[in-house]
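Q:
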Amino acid sequence: MSNNAYEMLNVAEPVDGVQQIQLDRPEALNALTTALLGELSRALDVAEANSHVKVVVLTGSIRAFAAGADVKEMAERDLVGIVNDPRQQSWQRITQFSKPIVAAINGYCLGGGCELAMHADILIAGTDAKFGQPEINLGIIPGAGGTQRLVRAVGKSLGMQMVLTGQPINAEQAKSAGLISEITQPELTLPRAMEVASQIAQKSALAVRLAKECVLKGMDTDLATGLRFERHAFTVLSGTKDRDEGIAAFLEKRKPTFTGQ
Ligand code: DAK
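Quick note on numbering: the sequence shown equals residues 804 to 1064 in our numbering.
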């Protein structure tokens, strides 16, 4: 069932802990206007507060995950407009979302679209997906992390090549570089993402949240700090009912029932 509080998103009711959010601006290949990013940010606020949502699956259409920031809208923004850019808050919201996001990507995944995909925790793409940072062709550079997250994901040489030439890579290249974790037939991308999300949704929400935080923290810091962060998180989890339940279930040879306590 879809929630029509949004004009450019299809937000499904959560099913078994998984909520699907679909970018739905087909006439512009899901180009990310300020309004679309604002709706996404609002949907994530709602998902963050909803205990029935354990994992979000973010997707677009078969033709495009998202073809970037809306160039027509960007054309209207001068220097002061960019300094006061309201999109910044939406990007911040997406960055700070504490639950896992699995992206199901088909078709064009360019510019801000590629940057949005890189905000997801797990990326699954169809054979026809194209990833790129074409901003250089517009005389600009990526503005939502493309010069930073892309290089961390695919390494310096390929990242630099993509950012400086604007040329996209295909799903095979993205997989071998480590940008995505799996490739599927286009029609199977969303079902596969839902399947992965469902597996995660069955785990302890507390452990999932801290595991996500640890992995992201580790990508941002030196090894010693990351390990210290992991140690603290591990210690915190030792005081949870879910940890007792997980271990008891293993010993009793049954499936655990996690409550998020
Ligand atoms: N913006 C607006 N409209 C777009 C669009 C976009 N990025 N991409 C496609 N469209 C629209 C097209 O204009 C066209 O609409 P009509 O002209 O028919 O009204 C419709 O979608 C279908 O597109 P095409 O006719 O072009 O379809 P094709 O299959 O021929 O080509 C394409 C598909 C994806 C190769 C092509 O549309 C294309 O090159 N699109 C632009 C891709 C691009 O340059 N993306 C990067 C945009 S810059 C920031 C955060 C983020 C950013 C910046 C700052 N801050 C927080 C500061 C991000 C910047 C960017 O992403």
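Glycine residues also receive a C-beta, built at the ideal position from the N, C-alpha and C atoms. Remember, it's a predicted structure, so these values are computed and weren't measured experimentally.
Between residue 1042 and residue 885, what straight-line distance do the alpha-carbon atoms span, to the nearest angstrom?
A: Cα-Cα distance, rounded: 46 angstroms.
Q: Quick one: complete alpha helix (DSSP H) runs, 4+ long, within the segment 820 to 885?
A: If we require 4 residues or more, the alpha helix (DSSP H) runs fully inside the segment 820 to 885 come out as 837 to 852 and 874 to 878.
Q: To which residues of the same chain is residue 901 closer than 6 angstroms at the C-beta, ignoring the five residues directly before and after it?
A: Correct list, in chain order: 1012.
Q: Return the Cβ separation of residue 872 and residue 915 in integer angstroms, given the expectation that the two are a contact with Cβ distance under 8 angstroms.
A: The pair is a contact, with the Cβ atoms about 4 angstroms apart (cut-off 8 angstroms).
Q: What's the C-alpha gap between residue 937 and residue 968?
A: The straight-line gap from Cα to Cα measures roughly 8 angstroms.
Q: Strictly by DSSP, which residues pair up with residue 1032?
A: Looking at the DSSP assignment, residue 1032 forms no beta bridge with any residue, so it has no partner.
Q: Return the residue from the list 847, 981 and 929 that minimises the CA-CA distance to residue 751.
A: Beyond the ends of the chain as shown, which are 804 and 1064, falls residue 751; an answer cannot be given.
Q: Can you find the residues in the same chain that come closer than 6 angstroms, C-beta to C-beta, to residue 978, ignoring five residues on each side of it along the sequence?
A: Excluding sequence neighbours, residue 978 sits near 986.
Q: Whose C-beta lies closer than 8 angstroms to the C-beta of residue 1017 among residues of the same chain, with five residues either side of it excluded?
A: Counting only Cβ-Cβ distances below 8 angstroms, and skipping sequence neighbours, we find 1029, 1032, 1033 and 1036.
Q: Report all residues from its chain with a CB closer than 8 angstroms to the CB of residue 923; omit the five preceding and five following residues, and keep chain order.
A: Excluding positions up to five away in sequence, the list reads 861, 904, 905 and 906.
Q: Report the option in 819, 944 and 913 whose CA atom is closest to the CA atom of residue 1074.
A: The question about residue 1074 has no answer, for the chain in this structure spans 804 to 1064.
Q: For the beta strand (DSSP E) holding residue 926, just list the boundary residues, first then last.
A: Start and end: 925 to 929.
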